[in-house]
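Residue 509 in the working numbering is what sits at position 450 of the sequence shown, and the numbering runs on without skipping anything.
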Amino acid sequence: MADIDALAQRLRAELGAEQVVTDRQELRTYECDGLAHYKVIPALVVLPHTATQVATVVRACSEAGVPFVARGSGTGLSGGALPHAEGVLIVTAQMRRIVEIAAADERAVVEPGVINLQVTKAATPYGYYYAPDPSSQQICSIGGNVAENSGGAHCLKYGFTTNHVTGLQIVTPSGDLVRLGGRALDPPGYDLIGAFVGSEGTLGIATEVTVRLTRLPESVRTLLAAFPSIDQAGAATSAIIAAGVVPAAIEMMDALAIEAAEAAVACDYPPGAAAVLIVELDGPTAEVEAQFDQVTALCRDSGAFEIRIAADDAERALFWKGRKSAFAAVGRISPDYIVQDGVIPRTALPEVLRRITEVASDHGVRVANVFHAGDGNLHPLVLFDARVPGEAERAETVSGAIIDLCIEYGGSITGEHGVGMDKAKYMPRMFTDDDLDTMQLVRCAFDPASLSNPGKVFPTPRLCGERPGGKIAERFPGVEVY
């Protein structure tokens, strides 16, 4: 720890003592992100206020050979911001300045600690909003959204974070401040922004983000449809998309998720529903009205026994309150749970959900399902009680089986929560050694010393130039590795 002590002394001198945390009890505050299953106390926490200070910290880490991890609000669900026990945790939460709302350019420029929902609040007076809306949008930060390529309920129509970032200022793993892109939609050259967004802190730290703003829609209509079975709710989802309608959002919750939401926020969903759909349309009024009637009819034809239409913004907010609170609400019905995140083709929803139920039943655990039905992004919540011997292990087995189902049906091991620490072990199930080697080459181009968020994404720890069973240099002749 001598290097850490010397590093702490150097950073106190350069940033100020109040921005460097070394007290063990204070360090425990940062021992995990939203995935509390993994906990590591960092050796040092630094709270920079500016991009220059972030660069100072990273440069000092690089020169000392000390690993570092970036953290925003700490709401991630994959262990992506899990600290390194012998490293520095760089917390950007105090970088909360909205630099500019450029309505004429349909852009906003913000620092990484700005909360997602604050961008919309700042843009609304100009007639705009920020479309990506993770369920944690009231507390998650834009920097974290960039790291994880976060989505949200409305990503069905509007896309993920990567579709809304046009420019970045980043600190590279060597401590240099670099700008990527700007306000243009498609800058020339390699798509480095596309590589950086979703890289989970392994390629550097974002210190300023330029995002696209979306014009507020002329009309928004929302309905809640209750179904006697999940199969019927899934059939309604497929029918809506097959009809050529692209809603802003189609969200589904099963009976167990509804039970949790009712206990937490009293959302008053229809009693007796095995599943509910929340369908929201937005756009020009004439188009929304015509498509809304079509969606309502398709839900009825698919077996909905009750359809509620939001009469105003307050009722719309109540529909969404149950869905947005679902993850935290599960704590009302289970002392522990694993939040899973995978993707399947939406046409496979009924069959995959049946198989998830079978797997859960076989292992004696319960699974609550809440997810973005429109694009097949599942969020099964595997419930367990860690106080019961063997139950945590059974829950972990079920969680892994769900990932296998997603791969089996042609999907992905993650939709929007990222790989982080939690899913690194599943990467070889989806990717070959050659795939992983190629990804590693990209990382090495940015971070040859492997100091930036080490141990995340890749299934086995390795330095640049290494791979299980051989060297990258042997597989890619002529490529310089370190």
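Beta carbons are placed, not taken as given, at the ideal position from N, Cα and C, and that holds for glycine.
None of these values were measured; they are calculated from a predicted model.
Secondary structure at residue 228: strand, using DSSP grouped into helix, strand and coil. Distance from the CA of residue 76 to the CA of residue 149, rounded to the nearest whole angstrom, comes to 15 Å. CA-CA distance, residue 447 to residue 323, rounds to 24 Å. In this structure, the CA atom of residue 321 is about 14 Å from the CA atom of residue 333. Residue 223 is positioned such that its CB atom lies no closer than 8 Å to that of residue 181. Within the same chain, and ignoring the five residues on either side of residue 83 in sequence, the residues whose Cβ sits closer than 8 Å to its Cβ are 100. The residues 137, 400, 401, 402, 482, in chain order, have a CB closer than 8 Å to that of residue 473 in the same chain once the five nearest residues on each side in sequence are set aside. Taking a contact to require three or more Cβ pairs closer than 8 Å, the stretch 458–467 and the stretch 231–242 do not qualify as touching. Counting C-beta pairs with one atom in each stretch, the stretch 169–189 and the stretch 142–161 have three or more that are closer than 8 Å, which means they touch. In this structure, the alpha-carbon of residue 326 lies about 22 Å from that of residue 354. Rounded to the nearest whole angstrom, the CA to CA distance from residue 141 to residue 79 is 18 Å. A contact between stretches requires three or more CB pairs, one per stretch, nearer than 8 Å, and the stretch 366–376 meets this requirement with the stretch 282–297.
Within the same chain, 290, 293 come within 6 Å of residue 409 by CB-CB distance, once the 5 residues on both sides are set aside. Put simply, the stretch 484–497 touches the stretch 507–525. At least three CB pairs are less than 8 Å apart. In this structure, DSSP gives residue 94 a state outside helix and strand, which the three-state scheme calls coil.
CA-CA distance, residue 198 to residue 135, rounds to 11 Å. Per DSSP, the beta-bridge partners of residue 278 are 342. Distance from the CA atom of residue 311 to the CA atom of residue 212, rounded to whole angstroms, is 10 Å. C-alpha of residue 433 to C-alpha of residue 218: approximately 12 Å in a straight line. The beta carbon of residue 257 sits closer than 7 Å to the beta carbons of 207, 208, 221 from its chain, once the five residues preceding and following it are set aside; these are given in chain order.
Only buried fits residue 266, as 16 or more other CB atoms lie within 10 angstroms of its CB. With respect to the C-alpha of residue 378, the residue from 139, 393, 339 having the closest C-alpha is 339.
Around the beta carbon of residue 124, fewer than 16 other beta carbons lie within 10 angstroms, which makes this residue exposed.
Residue 466 and residue 490 have their C-alpha atoms some 10 Å from each other.
Pairing residue 308 with residue 215 gives a Cβ-Cβ distance under 8 Å. Nearest to residue 348 by alpha-carbon distance, out of 313, 187, 271, 278, is 278. Burial is judged here by how many other beta carbons sit within 10 angstroms of a residue's own beta carbon; residue 316 has at least 16 and is buried. By a beta-carbon distance limit of 8 Å, residue 457 does not contact residue 427. Their separation comes to about 12 Å.
As the crow flies, the alpha-carbon of residue 186 is around 6 Å from that of residue 275.
The closest CA to that of residue 508, considering only 115, 231, 72, 109, is found on 231.
Looking at the backbone, the Cα of residue 262 and that of residue 69 are separated by about 24 Å. By the beta-carbon neighbour count (other beta carbons within 10 angstroms, threshold 16), residue 116 is buried. The residue among 298, 162, 205 with its C-alpha nearest the C-alpha of residue 151 is 205.
Rounded to the nearest angstrom, the Cβ distance from residue 511 to residue 260 is 6 Å, consistent with a contact under 8 Å.
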